[in-house]
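For reference, the structure is listed below as structure tokens.
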Amino acid sequence: MKETAPIETLKGIGPKTKEIFLKAGIPTVEELLHYYPRGYERMESPAPIAALREEETAAVCAKLEGSLITRRAKNFPVTIGMLRDESGTIAVNWYRMPFLANTLQNGKKYIFRGKVTKKGRQLLLMHPAIFEEEKYEELQKEMQPIYPLVQGLTENLLKKNVKVALESTDSFLEWLPKEIQSRYQLAEIGYALHQIHFPKNEYELHLARRRLVFEEFLLFLLSVRRLKKKKEKEITIYQMKETKEIENFQKNLGYELTGAQKKVWKEIEEDMKKNTAMARLVQGDVGSGKTVIAVMALLMTAQNGYQGAMMVPTEVLARQHYESIVRLFEKNGYPYHVTLLTGTMTAKEKKAAYEEIESGKASVIIGTHALIQEKVVYRNLALAITDEQHRFGVKQREELLEKGNYPHTLVMSATPIPRTLAVILYGDLDISVIDELPSDRLPIKNCVVDTTYRPKAYRFIEKEVERGHQVYVICPMVEESEAIEAENVMDYTEQLKKALPLEISVVCLHGKMKAKEKNKIMEDFAAGVIQVLVSTTVVEVGVNVPNATVMMIENAERFGLAQLHQLRGRVGRGKDQGYCIMIHAAQGETIKKRLEILNQSNDGFYIAGQDLKLRGPGDLFGIRQSGMMEFKIGDVFQDAKILQDANEAVNQILTEDPELILEKHQKLKKKAEHYVMSDSGTLNL
Ligand code: ADP
Ligand code: MG
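Mind the numbering: the sequence shown is residues 345 to 1029 in my numbering, read in order.
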């Protein structure tokens, strides 16, 4: 079988499983093989029950003692029992597995592997995986992958099918040119794919990973170069005139732009006055005030009689930007029409928006991916902005560009990457940096504490709410599934409600909710109707509710530092003092050290650098820098050297063969085209 075969050609995949894979964005065997683990675990040798300790993950070789009893707890069945080996006994439970009573044989020894917790004074093995003894010995020979789970995928489903895929694929297409492979000493593709899923040891894993990171960067950089080449030819018909109104607009803002904002605005204004299309990246830490710069560019575009569009990654953000722009335009008495276009609007609303865009009634258009749908026809799109760039792919950026006739483009990002790397990653863009926060900002006050501090934190939240402020609470994360996560956040919200006075409105937000529901909640929060917002993982990027002053993060140890920094950036966006309370459930020196970095600094660049130092290049799969440049496997910071190598390789390839016409580059070319067309071009979460 070939790598490119559809997923259902794998043995054992029926229509139902196929559906699950398709939903999770894994339509082919190739996609499955490139669905990389987020970490690995070694199967421990079984330990005597008497030696088990709370909080550890352990395996025991034991028999069931007595029979299993299933009870309903909350709204799912819990099966309870007792395990015995020569050294002692331990209680055990499973969730949602009432059938175990029929499948586990009494008197037979199994390996049970799971987390040891404490229930009352007794130890409990929680929801352990169950193995036959021989099977477990097999597993101990390799490191076992831990996969990121999305939408119905389970660990077992992935493991099983990846194994089948690896075993039944007989031709892995080696598409890297030989020269490149040998110059950079890169492992072969078949080997790399085997070892990335089931590595024999860390060394083999390292080799495999290096190859896959290299190829990911290489493909990305090739696609960026395509944009660059286009740009160089672009003469734009949208050469603009400077307008006096921009000055008035600035005067009416109610605050003075920072020096950095003024400098960046000048660069943009100069660009748009040229007859070549602007292609510029605006980098600025969270809260540095990028939005207002984008609005000025949109205003200048409207005043020149053209259309400007801003694409953002989420509904919530689109609505928020839309409303603030409408408000600003009304306040200034501008006649320009602003149109919103998002996926969850009704067919009728969308139709109206399409008409406004096509007729030219819309001067400013704000929206999500909906902006690049086929149906949308722009009358004269002269400026295309993407906000929170790291959430979009090169392809999406390109699609927005293609909606116009060489429009000016502006890309906004809060990703704190050093200039040397930014130049490589955004090779097609000029770079502006807003390296200054508004002067009225008080630095956020941080504290890093353990769970015993919770009651105090709740009192603090209460006080802030009494002062008229609002609060975000990021809820503990749950690995098992989205459904359990949703349940968990609801439970947590209930507890929090009980801990806070009745009149405080506490509402929860989670991934299982419908977009409409989420929008409503975010709107209510922005309007101040909701005081405490409890949310699962990430409160939408870029959300701006300046009245929120407290960010409390549970299980802070599970987040990447960059992500924590982004979360923290949701507070301290106004004149009031902002607070960030990071609560860690697990103990440990590294955890403390990592969080301490955030405690010390509010500067995204500094944090990213320190995080890297602490993790060191040996740390293959630390917590990823999620929320930033999200490659599937590469990490811009940690793999900076590989990024530079890949960049050098791309330079060599394109110097020798700019159009990729040589025979030896044909496979590479095909792969690169496929990359641009697929969603792998997305630096998405
Ligand atoms: P980000 O750069 O993270 O996108 P925003 O553009 O959302 O940040 O700005 C954050 C907040 O700061 C907004 O409420 C905005 O109105 C405000 N703001 C922007 N520039 C300034 C400034 N120069 N002085 C004071 N407040 C500002
Ligand atoms: Mg923003």
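Beta carbons: idealized from backbone N, C-alpha and C, even for Gly.
Note that the coordinates shown come from a computational prediction; the quantities given were computed from them, not determined experimentally.
Name the residue from the options whose alpha carbon lies nearest to the alpha carbon of residue i.
{"i": "V656", "options": "L643, K856, A638", "result": "A638"}
{"i": "G496", "options": "L781, K585, K856", "result": "K856"}
{"i": "E482", "options": "R570, H538, E388", "result": "E388"}
{"i": "M345", "options": "D774, G383, G628, V508", "result": "V508"}
{"i": "T712", "options": "S703, L685, E699", "result": "L685"}
{"i": "Y797", "options": "I778, V436, H928, Q954", "result": "H928"}
{"i": "Q1010", "options": "R554, S512, L517", "result": "L517"}
{"i": "S1034", "options": "L537, F475, A435, P421", "result": "This structure cannot settle anything about residue 1034, because the visible part of the chain is limited to 345 through 1029."}
{"i": "N500", "options": "H681, K739, T361", "result": "T361"}
{"i": "M896", "options": "P350, Q449, I805, F443", "result": "I805"}
{"i": "E780", "options": "G948, V721, Y816, A930", "result": "G948"}
{"i": "T880", "options": "A843, R811, D835", "result": "D835"}
{"i": "V767", "options": "L565, H378, E548", "result": "L565"}
{"i": "L510", "options": "S668, K692, K807, H378", "result": "H378"}
{"i": "L1012", "options": "E560, V506, L745", "result": "E560"}
{"i": "E409", "options": "L427, K705, I729", "result": "L427"}
Residue i: buried (16+ other C-beta within 10 angstroms of its C-beta) or exposed?
{"i": "N991", "result": "buried"}
{"i": "T690", "result": "exposed"}
{"i": "I967", "result": "Confidence is the limiting factor: at I967 the pLDDT is only 49, short of 50, which leaves the residue's position unreliable, though a coordinate-based value still follows. Answer is buried; the Cβ neighbour count reaches 16."}
{"i": "L469", "result": "buried"}
{"i": "F673", "result": "buried"}
{"i": "K418", "result": "exposed"}
{"i": "R741", "result": "buried"}
{"i": "Q449", "result": "exposed"}
{"i": "I1039", "result": "Past the boundaries of the shown model lies residue 1039; the chain is included only from 345 to 1029, so the question cannot be answered."}
{"i": "A900", "result": "buried"}
{"i": "N1030", "result": "Within the shown structure, residues of the chain are numbered from 345 to 1029, placing residue 1030 beyond reach of any answer."}
{"i": "T898", "result": "The residue asked about is misnamed: residue 898 is Glu in this sequence, not Thr. With 16 or more Cβ atoms within 10 Å of its Cβ, E898 is classed as buried."}
Among all the DSSP beta bridges, which residues are the ones paired with residue i?
{"i": "Q982", "result": "Its beta-bridge partners do not exist; DSSP assigns none."}
{"i": "W438", "result": "T423"}
{"i": "Q488", "result": "E385"}
{"i": "P350", "result": "T372"}
{"i": "V721", "result": "V721 is not bridged to any residue."}
{"i": "C819", "result": "Per DSSP, none; premise fails for C819."}
{"i": "V793", "result": "I927"}
{"i": "F869", "result": "Answer is none; F869 lacks a bridge partner."}
{"i": "G432", "result": "D429"}
{"i": "T414", "result": "T423"}
{"i": "R457", "result": "A403, A473"}
{"i": "L684", "result": "I710"}
{"i": "K463", "result": "Q466"}
{"i": "I778", "result": "G628"}
{"i": "A728", "result": "A653, T753"}
{"i": "T620", "result": "I579"}
{"i": "M895", "result": "Y816, C924"}
Who are the Cβ neighbours of residue i in its own chain at under 7 Å, not counting the five residues just before and after it?
{"i": "K937", "result": "L958"}
{"i": "K453", "result": "C405, A406, K407, E477"}
{"i": "G918", "result": "P890, N891"}
{"i": "V595", "result": "In the sequence on display, residue 595 carries Lys and not Val. Correct list: empty, nothing qualifies."}
{"i": "L765", "result": "V980, A984, L987"}
{"i": "L725", "result": "Q651, A653, K747, G748, P751"}
Beta-carbon within less than 6 Å of residue i's beta-carbon, same chain only, minus the 5 sequence neighbours each way: which residues are those?
{"i": "I364", "result": "G496"}
{"i": "N946", "result": "P787, I788"}
{"i": "A621", "result": "E578, T580, Y750, H752"}
{"i": "A714", "result": "L685, T686, G687"}
{"i": "G922", "result": "I788, T893, V915, G916"}
{"i": "L530", "result": "R555, F558"}
{"i": "V1020", "result": "S567, K739"}
{"i": "G971", "result": "Note that G971 has pLDDT 41, beneath the 50 cutoff, so the model's placement of it is unreliable and the number below is only indicative. Only A906, Q907, Q910 meet the Cβ criterion."}
{"i": "P961", "result": "Any reading at P961 must be qualified, since the residue scores a pLDDT of 49, below 50, and its modelled position is unreliable; the value itself is stated next. Contacts found: none."}
Sorted by chain position, which residues of the same chain lie with C-beta nearer than 8 Å to residue i's C-beta, five sequence neighbours on each side aside?
{"i": "D731", "result": "K634, T635, A638, M654, M655, V656, P657, L661, H665, M756, G886"}
{"i": "E398", "result": "V460, T461, K462, L467"}
{"i": "I778", "result": "T602, A604, Q605, V608, V626, Q627, G628, D629, S632, G633, K634, I637"}
{"i": "K862", "result": "E659, V660, L853"}
{"i": "I701", "result": "Q651, T683, L685, I709, V720, V721, Y722, R723"}
Consider the C-beta atom of residue i and the heavy atoms of the ligand FMN; say whether any pair is separated by less than 7 Å.
{"i": "T635", "result": "Among the ligands modelled here, namely the ligand ADP and the ligand MG, the ligand FMN does not occur."}
Does the region 897-914 come close enough to the region 935-954 that 3 or more CB-CB pairs lie under 8 Å?
yes
Decide yes or no for the touch test of the region 488-502 against the region 371-386: beta carbon pairs closer than 8 Å, at least 3 of them.
yes
Below 8 Å, can you find three or more Cβ-Cβ pairs linking the region 616-633 to the region 891-907?
no
Touch check for the region 612-622 and the region 579-595: three-plus C-beta pairs under 8 Å?
yes
Are the region 1000-1016 and the region 545-554 in contact at 8 Å, needing three or more beta carbon pairs?
The region 1000-1016 is not in contact with the region 545-554.
Quick one: any contact between the region 518-534 and the region 408-427, if contact means 3 or more CB pairs under 8 Å?
no
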